[in-house]
Amino acid sequence: MKPSRQIAHRALAALLMAAGLIGAAQADIIIGQTAAITGPVAASVKEVTQGASMYFDAVNAEGGVHGEKIKLVSMDDKFDPKLSAINAKVLIDKGATALFLTRGTPHTQAVLPLLTEYKIPLVAPSTGAMILHKPVLPWVFNVRASYQREAERAIEHLSLIGMTRIAIAQVNDSFGDDAAQGALVGLAKTNKQAVSHVKFDRNKPEMESVVTTVLATQPQAVLFIGTGAAVAEGMKAVRAKGSTAQLVTLSNNASSGFIKDLGDIGHGVIVSQIFPYERSIAKPLIKDAMEAARKTGVELTPSMVEGYSSAKVLVEGLKRAGKQPTREGLRKALETISRFDLGGVEVGYSAADHSGMDYVDLAIVDQSGKFRR
43 MKPSRQIAHR
53 ALAALLMAAG
63 LIGAAQADII
73 IGQTAAITGP
83 VAASVKEVTQ
93 GASMYFDAVN
103 AEGGVHGEKI
113 KLVSMDDKFD
123 PKLSAINAKV
133 LIDKGATALF
143 LTRGTPHTQA
153 VLPLLTEYKI
163 PLVAPSTGAM
173 ILHKPVLPWV
183 FNVRASYQRE
193 AERAIEHLSL
203 IGMTRIAIAQ
213 VNDSFGDDAA
223 QGALVGLAKT
233 NKQAVSHVKF
243 DRNKPEMESV
253 VTTVLATQPQ
263 AVLFIGTGAA
273 VAEGMKAVRA
283 KGSTAQLVTL
293 SNNASSGFIK
303 DLGDIGHGVI
313 VSQIFPYERS
323 IAKPLIKDAM
333 EAARKTGVEL
343 TPSMVEGYSS
353 AKVLVEGLKR
363 AGKQPTREGL
373 RKALETISRF
383 DLGGVEVGYS
393 AADHSGMDYV
403 DLAIVDQSGK
413 FRR
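Start counting the sequence shown at 43; every next residue gets the next number (my numbering).
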């Protein structure tokens with residue numbers, strides 16, 4: 043066994059012991075997650091996982107699913123796609139019924155071959171990459187709109203408020219390329235072209251030079267496509283250079299951690315959203331999630347809503363799969379979910395459609411550091 047694989051196995055063994063899973067009843071349902079618990083997207087990963095855990099805890103408190111408790115085992119891939127694949131294999135080997143809430147497009151891509159090989163569902167990857175939607179991947183079940191639709195919607199909004207000079211700054215990887223395609227579609231639909239379109243390295247973004255290039259074209263708005271730390275750095279650089287351009291980013295940065303990273307320049311930043319407003323108690327989904335967050339002692343955020351909703355979809359699949367669900371049984375059960383009401387927003391699948399839902403909205407950061415719609 044390679045040293046990296048040995049380390050991953052030891053890490054999972056420690057997690058299982060801490061969770062009380064070693065020696066646990068076979069009926070316990072293990073759900074495996076590989077995501078960047080540490081690294082540049084740790085803040086949003088923490089919140090989306092916390093949202094999922096709130097729902098799982100509520101289900102377990104009422105006896106679980108068909109009497110079986112759900113155990114979420116999360117492994118840190120440090121935002122490294124190679125480690126994502128290693129972690130996923132470890133979780134599969136340890137009997138996970140499903141993988142859940144992977145984070146990042148390259149990272150989820152690294153896991154995809156294992157899904158087919160071991161016939162295990164991946165539910166709610168926390169990425170809106172179009173490659174996970176079309177063509178349909180039989181073992182992937184999305185619970186969110188695509189990044190392309192988010193970016194397209196953001197461009198449409200900027201056009202509606204009279205902005206004609208729009209720039210794009212994107213990370214140079216599969217996530218960035220995918221989301222940028224949606225922005226370009228939005229520009230084409232409104233008879234525009236980007237005044238500048240700059241790519242930056244994922245590991246060494248060097249946002250100072252990126253922003254200098256972008257601002258040389260005098261944009262009225264800049265759409266940043268990337269992870270929280272790099273995007274926050276880029277937005278700060280825009281303001282430091284005296285530009286008042288409208289700053290926009292996508293839902294992967296819809297966390298309180300991202301707003302905290304923005305600091306004093308956060309007010310007015312637009313962030314796309316893929317679930318209903320986290321303070322809209324008119325939606326039963328949000329009302330329930332707010333109550334769960336209150337019991338946990340935290341304030342509900344958009345990322346928590348994503349995690350809570352994703353867990354709700356997974357639990358519905360487990361309920362339909364019956365007692366001691368198999369991986370194949372869960373996949374088939376998920377495909378029977380049609381127009382399932384999460385609480386004011388619907389999700390649905392079939393053998394020919396694993397997109398789940400297509401909800402997209404926009405929020406703006408207010409003076410108090412909260413998302414407003």
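Think of the CB as a built atom: it goes at the ideal place given N, C-alpha and C, for glycine as much as any other residue. What you are looking at is a predicted structure, and each value in this text was computed from that prediction instead of being measured.
Could you check what DSSP says for residue i in three-state terms: helix, strand or coil?
i: residue 399; result: coil
i: residue 328; result: helix
i: residue 72; result: strand
i: residue 113; result: strand
i: residue 390; result: strand
i: residue 122; result: coil
i: residue 280; result: helix
i: residue 319; result: coil
i: residue 92; result: helix
i: residue 261; result: coil
i: residue 150; result: helix
i: residue 305; result: helix
i: residue 155; result: helix
i: residue 354; result: helix
i: residue 79; result: coil
i: residue 364; result: coil
i: residue 132; result: helix
i: residue 275; result: helix
i: residue 162; result: coil
i: residue 340; result: coil
i: residue 334; result: helix
i: residue 179; result: coil
i: residue 296; result: coil
i: residue 285; result: coil
i: residue 370; result: helix
i: residue 348; result: helix
Could you name the residues of the same chain whose beta carbon sits closer than 8 Å to that of residue i, not counting the 5 residues immediately before and after it, in chain order?
i: residue 66; result: Interpretation of residue 66 is limited by its pLDDT of 44, a score under 50 that renders its predicted location unreliable; the figure taken from the coordinates is listed afterwards. Cβ neighbours of residue 66 beyond the five flanking positions: 113.
i: residue 346; result: 89, 90, 92, 93, 96, 320, 331, 335, 340
i: residue 308; result: 301, 407, 411
i: residue 371; result: 363, 364
i: residue 424; result: Summary: the structure shown does not reach residue 424, with the chain confined to residues 43 through 415, and so no result is reported for it.
i: residue 404; result: 195, 196, 199, 312, 313, 314, 315, 415
i: residue 68; result: Interpretation of residue 68 is limited by its pLDDT of 49, a score under 50 that renders its predicted location unreliable; the figure taken from the coordinates is listed afterwards. These residues qualify, in order along the chain: 366.
i: residue 206; result: 234, 262
So, at 7 Å on beta carbons, what are the nonlocal neighbours of residue i in its own chain, with the 5 sequence-adjacent residues on each side left out?
i: residue 287; result: 261, 262, 263, 264, 280
i: residue 131; result: 156
i: residue 178; result: 394, 395, 396
i: residue 360; result: 71, 107, 367, 372
i: residue 129; result: 50, 76, 117, 119
i: residue 235; result: 229
i: residue 358; result: 379, 382
i: residue 160; result: 134
Please name the residue or residues paired with residue i in a DSSP beta bridge.
i: residue 145; result: 168
i: residue 266; result: 211, 291
i: residue 405; result: 313
i: residue 140; result: 73
i: residue 414; result: 406
i: residue 383; result: 388
i: residue 11; result: In the structure displayed, the chain extends from 43 to 415; residue 11 sits before or after that span and is not available.
i: residue 107; result: 110
Cutting at 6 Å between CB atoms, please list the residues of its own chain near residue i, excluding the five before and the five after it.
i: residue 239; result: 210
i: residue 291; result: 266, 273, 313
i: residue 171; result: 147, 220
i: residue 298; result: 343
i: residue 188; result: 170, 172, 175
i: residue 149; result: 123, 126
i: residue 380; result: 390
i: residue 409; result: 309
i: residue 275; result: 249
i: residue 133; result: 74
i: residue 247; result: 272
i: residue 353; result: 94, 97, 98
i: residue 285; result: 257
i: residue 218; result: 212, 267
Assuming residue i contacts residue j under a Cβ cut-off of 8 Å, what Cβ separation, rounded to an integer in Å, is found between them?
i: residue 216; j: residue 144; result: The Cβ separation is near 14 Å, so there is no contact.
i: residue 316; j: residue 402; result: 6 Å
i: residue 123; j: residue 152; result: 4 Å
i: residue 82; j: residue 376; result: With 8 Å as the limit, residue 82 and residue 376 do not qualify as a contact, their Cβ atoms being about 31 Å apart.
i: residue 35; j: residue 185; result: Given that the chain is displayed from residue 43 to residue 415, the structure contains no residue 35 and the question cannot be resolved.
i: residue 400; j: residue 191; result: 6 Å
i: residue 140; j: residue 73; result: 6 Å
i: residue 327; j: residue 318; result: 7 Å
Between residue i and chain E, is there a C-beta pair that is closer than 8 Å?
i: residue 214; result: No chain E appears in the structure shown, which is made up of a single protein chain.
Inset, instruction - Can you check the stretch 183-259 for any alpha helix (DSSP H) of at least 4 residues that lies completely inside it and give the ranges in chain order? - result: 189-202, 216-231, 249-257
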